[in-house]
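Visitor: Each step along the sequence shown adds one to the number in our numbering, with nothing skipped, and position 780 is 799.
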Amino acid sequence: MRGLAHILAVGLVLFGLLPSASAAEDTDLAARFAKEQALVETLSRSTTPRDQRQLGDLYRDGLIFSADNPIRKADRDAAISAYRRAIELGDNSPSVTVSLGRLLMRQSGGEGFAEIEQALQALALQGNGDATYLLAVDAMENRHVPLEQAIPRLEAAAMLGSAAAVNDLLAAGVSVGDTLRQAVLARLTERAEAGQAPAALALFQIYADGLLTERDPQKAMQWLERAAQNDPVTAVEQLGDQYLTGLNVEPDPARAADLFRQAARAGGRNAALALGRAAIAETGMPVSSAEARWWLQRASEADVRTASVELSNLDLKIALAFDGAPEERQKLIMAALEPIADDPDALANLANQNWRSAQSEVIGKVLLPLLEKQALDGRTVAALAYNAWLEANGRPLPDAVARALIESLRKTPFVSVGYSNFTVAGLALDGRMSEAVLSRNQAIRLLFKAADDNVGQAMLRLGQLYRQGDQLARSDSFAKRWFIRAGERAVERANWELAEMQAGSRDQAERDEADRFYLTQIDAGDPRGGLAIVAARLRQGTLDGIVLERAKSVIQTPTDTIALASLLFSTGTPGYVQEAAALLSGLRQDELEPGDLVSLGRLKSAMAVTPEQTAMAFSMLEKAAESGSQVARTALAASYLSSVMQRDKVPAAIAMLQQVLVDNPKDPESRLLLARAYMLGIGVERDARKAASLVADVRSENGMRMPKATLLEADWLAFSSAGRNPAKAVALLDAQAARGSSAAERALGEYYLNGFGPAIRPDAAATRMYEAANAGDKEAMAALGHMLLNGYGLNQSREAGLGWLERAANAGNTAAMYELSRVFALRPEAESDTRQAIAWLQKAAERNHPNAAYQLGLAYLTGEWVDKDVTQASVWFERSARSGNLLAARTLKAVRDGITAKEAAIVSDTAD
20 MRGLAHILAV GLVLFGLLPS ASAAEDTDLA ARFAKEQALV ETLSRSTTPR
70 DQRQLGDLYR DGLIFSADNP IRKADRDAAI SAYRRAIELG DNSPSVTVSL
120 GRLLMRQSGG EGFAEIEQAL QALALQGNGD ATYLLAVDAM ENRHVPLEQA
170 IPRLEAAAML GSAAAVNDLL AAGVSVGDTL RQAVLARLTE RAEAGQAPAA
220 LALFQIYADG LLTERDPQKA MQWLERAAQN DPVTAVEQLG DQYLTGLNVE
270 PDPARAADLF RQAARAGGRN AALALGRAAI AETGMPVSSA EARWWLQRAS
320 EADVRTASVE LSNLDLKIAL AFDGAPEERQ KLIMAALEPI ADDPDALANL
370 ANQNWRSAQS EVIGKVLLPL LEKQALDGRT VAALAYNAWL EANGRPLPDA
420 VARALIESLR KTPFVSVGYS NFTVAGLALD GRMSEAVLSR NQAIRLLFKA
470 ADDNVGQAML RLGQLYRQGD QLARSDSFAK RWFIRAGERA VERANWELAE
520 MQAGSRDQAE RDEADRFYLT QIDAGDPRGG LAIVAARLRQ GTLDGIVLER
570 AKSVIQTPTD TIALASLLFS TGTPGYVQEA AALLSGLRQD ELEPGDLVSL
620 GRLKSAMAVT PEQTAMAFSM LEKAAESGSQ VARTALAASY LSSVMQRDKV
670 PAAIAMLQQV LVDNPKDPES RLLLARAYML GIGVERDARK AASLVADVRS
720 ENGMRMPKAT LLEADWLAFS SAGRNPAKAV ALLDAQAARG SSAAERALGE
770 YYLNGFGPAI RPDAAATRMY EAANAGDKEA MAALGHMLLN GYGLNQSREA
820 GLGWLERAAN AGNTAAMYEL SRVFALRPEA ESDTRQAIAW LQKAAERNHP
870 NAAYQLGLAY LTGEWVDKDV TQASVWFERS ARSGNLLAAR TLKAVRDGIT
920 AKEAAIVSDT AD
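Below you can see the structure in the form of structure tokens.
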């Protein structure tokens, strides 16, 4: 075992990744350790109650682990024995009684608590808040007394100065009256000023969180500083956290590191972990990899939870940074994982880290065999982590491991038999287990068994299956029944899915029920309720100012603000479009995280009506991409590929996507964008098979979780010569639409409208387009408007058709803008509206619609609808030509060569 560890320790020094000596060693540690060991030996032999009490305190707080390891390790059993001995020798002091009570409370479900209960009751009668609190906790945890019955005792404990009781009351949502609040603050202040660190820590928490009084960060920090004077570990660790996170004080990573060192040298386990993690998470603290590793080694020796995993994490990071020979790096990785090779929990913890896929390929060569071995040995946690790693990297779960997992869960259920059945069923239904291991019918039966065993998540999954018509016949009534049952089992997601179902119901009573749920969430301050009720009311066409204002009242973060603005803008209704713009006006770009900046850039791009606004939207995406965010780079590439005016950026977009895939080969969004590029020949040579392969990989890894992949696969099935299967394409889209995808609804409408599927069905096309348009799909709005204008698939209605076209145009659909311009221009002369025609034509042209820009150029050239202006005509012909309009390029050349307006008008007959 020491061989590989020695390779790592020596190798890191030789390769220059770590210095050979650690700055963290404490020169007087050996002396302190020897002195403490001598004291323990002396106290152990003593027969005085005072010495036994001191011995109990030492064991309770932890002894220095060794002569070269300052981390303290507590010994609960030894502490209990010492306190019991102190009591036997006549020490019935409150400190001994309360300390023993706390230890017995945590031991074997409080089995031994009865021996100290009478003494605690006597102390409670004398006004001891800590004793009163322990009796309250015993009543709740060991005697299962309902919270409401224990509240009076918790309030009494708080009144007597128990900081823990105050925290429990506030956590339980108990309203604290002025009398109790003032008494608690007074008693805690008195104890804190007397030097009691727990009281000072409680006051820090109260003022930091604004629990019993107004939030006061400055006063909170004053109390924390005072607590640190009397508590060299816990309080100093919290002080370090404050300077690291900057929650109540100006962040100071250097001081945070010094405080953590101080606490760690005093034996602080959390401080040692914080110093170790500093080199892993790059927190900004000036902690070298050498020092971080030294502290993690000491914490691991002292059995600090997760320390061994963090040590492997750090060693892996160091190994991955090694740029020497691949075989040498492989040795370093093996050495990093060797200490936890036989620990399935540690391996699973490490496997569940969010490693970038480029690194996971390297790490996996060593980690996966270790996980597989543990999984085949029947270690459930290792098997689940092994599956998660394989799934994230698009690889199947071997049948042998799947069978071993089922067997291990049968022998030793994970949480419960029911939950084990749910786990296995979920893996099978998600395609992680082959039919040879467990058939889908067997998986469904296991899912029902789990639901019968009151597993709420199984009930949720059954509701989803019935709602989507996936594996089970679609049934809204059965779906509702299972969602209700899951909600009764405290599965929050079930309540939201039920409300979503009810909001889309034709039954007004059901919609009212959804409204009540969403409004309840709003009253609780949950922004999801605000967004959901706005989305539901917009689909129903019943959103009013009162409901919108209630929704806005819980929208606080930029993420939620952008989401609400996006919902409103997607309607294409002028009033809501203006409301969306007003919401976004309060955001400051320089304060946004890269993810929010991407969302804002995308939305601003859709809302842009001038070249300047479009350029500003692109600049947001470019700024976000500069941060290195993978999501931002992918979004920028997508925008370059979809913009007709950014064709010069297409090579850069392709390169950007390829670089994202170097960093993360399994990134689904980048692969789908490249698939579309290969399918259409944008920036790369057209390659339908490569496109299909990329899409198939994403679909196999994500199933129906990525609608874009489903749409691309459907297009492949509908249009490719090699794998054409229109019926399967329609079935895929139908399944995706059942999961709430408006894009899939619109695609089905297009298939039925144009005969891309098995047959042309105008009536089915109209139904699908209406569903998608009503859900905010601007392309569907435009298509629906066109169908209404022409009476195709539904009754002709010029007014309704124009209404949907205007909504699509207001939502940013340039084709709808152009069509509106043509509709208003081509009406009979008495009904024509040249003002609206030129306004919509201008908007479409400014958003780079090739034909709109060309027609606007002709208008300026001929002086029709606008003042004649040859220079402006040339500008718009050039814009149209840059968008790919060959006729515009020829007309521009002719104008520059002196063509007359009349001649240009003759040429324009072929423009459309």
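The C-beta atom is built at its ideal place from N, Cα and C for all residues, glycine as well.
My output table needs one value for Phe341: the three-state DSSP class, helix, strand or coil.
Guide: coil
Visitor: For Asp87, which option in Ala498, Ala321, Leu736 has the closest C-alpha, if you only look at C-alpha atoms?
Guide: Ranking Ala498, Ala321, Leu736 by Cα distance to Asp87 puts Ala321 first.
Visitor: Suppose contacts are defined by Cβ-Cβ distances below 9 Å. Is Thr910 in contact with Gly876 by that definition?
Guide: yes
Visitor: Report all residues from its chain with a CB closer than 6 Å to the CB of Pro933; omit the five preceding and five following residues, and keep chain order.
Guide: Outside the displayed range of the chain (20 to 931) lies residue 933, so it cannot be described from this structure.
Visitor: Closer than 8 Å is the cut-off here; do at least three beta carbon pairs connect the segment 476 to 491 with the segment 499 to 506?
Guide: yes
Visitor: Is the CB-CB distance between Glu764 and Ala756 below 9 Å?
Guide: Yes, the Cβ-Cβ distance between Glu764 and Ala756 is below 9 Å.
Visitor: Taking 8 Å as the cut-off, does the segment 93 to 109 touch the segment 257 to 265 (at least 3 CB pairs, one atom from each stretch)?
Guide: no
Visitor: Alpha carbon to alpha carbon, what distance is there between Val474 and Leu676?
Guide: 42 Å
Visitor: Among Ala367, Arg486, Gly295, Lys747, which has the Cα closest to the Cα of Ile337?
Guide: Gly295
Visitor: Tell whether a beta-carbon distance below 9 Å holds between Leu660 and Arg690.
Guide: no
Visitor: Quick test of the definition: if touching needs 3 or more C-beta pairs under 8 Å, does the segment 483 to 500 touch the segment 516 to 534?
Guide: yes
Visitor: Do Asn161 and Gly214 have their beta-carbon atoms positioned less than 9 Å apart in this structure?
Guide: no
Visitor: Tell me which same chain residues have a C-beta within less than 6 Å of the C-beta of Ser439, skipping the five on either side of it?
Guide: Only Leu428, Pro432, Phe433 meet the Cβ criterion.
Visitor: Please list, in chain order, all residues of the same chain as Gln540 whose beta carbon is under 7 Å from its beta carbon, the five residues on each side excluded.
Guide: Arg547, Gly548
Visitor: With DSSP as the reference, label Arg480 as helix, strand or coil.
Guide: helix
Visitor: Closest by CA to Phe843, which one among Ala183, Arg200, Leu821?
Guide: Closest in alpha carbon position to Phe843, among Ala183, Arg200, Leu821, is Leu821.
Visitor: How do the segment 585 to 594 and the segment 790 to 798 stand: do at least 3 beta-carbon pairs fall below 8 Å, yes or no?
Guide: Output reads yes: the segment 790 to 798 touches the segment 585 to 594.
Visitor: Measure the C-alpha to C-alpha separation of Gln201 and Leu173 and round it to an integer number of angstroms.
Guide: 16 Å
Visitor: For Pro89, does the count of other Cβ atoms within 10 angstroms reach 16, so buried, or fall short, so exposed?
Guide: buried
Visitor: Take Asp157 as the anchor and find which of Thr786, Val117, Val195, Gly146 has the nearest alpha-carbon.
Guide: The shortest Cα separation from Asp157 among Thr786, Val117, Val195, Gly146 belongs to Val117.
Visitor: Which residue's Cα is closest to the Cα of Phe441: Ala309, Leu58, Ile463?
Guide: Ile463
Visitor: List the whole-angstrom C-beta distance separating Glu612 from Thr653, where the pair is believed to meet the contact cut-off of C-beta under 8 Å.
Guide: No, Glu612 and Thr653 are not in contact; Cβ-Cβ is about 16 Å, not under 8 Å.
Visitor: Determine the direct distance from the alpha carbon of Ile83 to that of Gly286, and round the result to whole angstroms.
Guide: 7 Å
Visitor: For Ala219, collect the residues of the same chain with a Cβ closer than 6 Å to its Cβ; drop the 5 residues on either side in sequence, then sort them by chain order.
Guide: Within the same chain, Ala211, Trp242, Arg245, Ala246 come within 6 Å of Ala219 by CB-CB distance, once the 5 residues on both sides are set aside.
Visitor: Opposite Asn88 in the DSSP bridges: which residues?
Guide: The secondary-structure analysis by DSSP pairs Asn88 across a beta bridge with Ser85.
Visitor: How far does the alpha helix (DSSP H) with Gln201 in it extend, from its first residue to its last?
Guide: Element bounds for Gln201: 197 to 212.
Visitor: Inspect the CB distances between the segment 414 to 425 and the segment 721 to 733 and report whether three or more fall short of 8 Å.
Guide: no
Visitor: Take the Cβ of Gln145 as the centre, count every other Cβ of all protein chains shown within 10 Å, and call the residue buried at 16 or more, exposed below.
Guide: exposed
Visitor: Going by alpha carbons, who is nearest to Phe630 out of Ala360, Arg866, Leu77, Thr253?
Guide: This sequence places Pro at residue 630; Phe is not what is there. Nearest of Ala360, Arg866, Leu77, Thr253 to Pro630, Cα basis: Arg866.
Visitor: For Thr890 and Glu410, what's the separation of their Cα atoms in angstroms?
Guide: 59 Å
Visitor: Do you know whose CA, among Ser816, Glu704, Ala799, lies nearest Leu807's CA?
Guide: Ser816
Visitor: At the level of alpha carbons, what is the spacing between Ala872 and Gly917?
Guide: 20 Å
Visitor: Could you say which of Ala105, Leu606, Gly831 lies nearest to Ala625 if we only look at CA atoms?
Guide: Gly831
Visitor: On the CB-based measure, 16 or more other CB atoms within 10 Å of its CB, does Lys685 come out buried or exposed?
Guide: buried
Visitor: Short of 7 Å in beta carbon distance, which residues of its chain neighbour Val193, apart from the five on each side in sequence? Order them along the chain.
Guide: Ile170
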